[in-house]
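Enquirer:
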Amino acid sequence: MYCLTHTVAGGMTAGRLGHPVAAFFGGVISHLILDAVPHHDYKRIVLGVFDILLALGCLVFALWRPGFFPPAFAWGGLGGALPDLELVLRYLPGKDRPRFFPSHSGLVPHNRLAWPAGFWVQVAVVLAVSGLWYFF
């Protein structure tokens, strides 16, 4: 899934836990769950950079306007997005780096869905987790 999707889903769900450590690890767990949902992953680096900037903007906005978000949104969002750092590091020069996160290493399924359906699945996830926070 996109970094923004993992950030919002981790922040909105795990961020409700309140405690920063619980929210962070809840975000990591949400990443694992969401990677099992069929989704689209981009192939172009420029899209990845744009996605990361959007996710960082979301985290900054949550810190700037905390009343709009669950108490530990930033920690849950960070935990949700951080596992993808190992994928980003693979693009740096040097030797081939192994993948450790279960849904990246093949230990747990990482299901793909072609564009545009896989994109709309992520839009639905973001709307669903946001709606759960704001309406319940």
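Each number in this note's numbering corresponds to the 1-based position in the sequence shown with 584 added.
Built from N, CA and C at the ideal position, the CB exists for glycine as well.
What you are looking at is a predicted structure, and each value in this text was computed from that prediction instead of being measured.
#1: Going by alpha carbons, who is nearest to Val621 out of Phe719, Gly715, Val709?
#2: Looking only at C-alpha atoms, which of Leu601, Arg696, Gln706 sits nearest to Phe653?
#3: Using the three-state DSSP reduction, which class does His623 fall into: helix, strand or coil?
#4: Could you spell out where the alpha helix (DSSP H) holding Met596 opens and where it closes?
#5: Would you grab the beta carbon distance between Ala656 and Gly702 for me? Rounded to a whole angstrom, and I think it's under 8 Å.
#6: What does a CB cutoff of less than 6 Å around Phe608 pick up in its chain, not counting 5 residues either side in sequence?
#7: For Tyr666 versus Leu588, is the C-beta distance shorter than 9 Å?
#8: Please specify which runs of the alpha helix (DSSP H), each continuous and at least 4 residues long, are wholly inside the region 644-718, giving them in chain order.
Expert: Once the coordinates are examined:
#1: Val709
#2: Leu601
#3: strand
#4: 587-598
#5: Actually they do not touch by this definition, with Cβ atoms about 29 Å apart.
#6: Trp659, Gly663
#7: Checking the sequence shown, residue 666 turns out to be Leu, not Tyr. Taking 9 Å as the Cβ cut-off, Leu666 and Leu588 do not qualify as a contacting pair.
#8: 657-665, 669-673, 686-689
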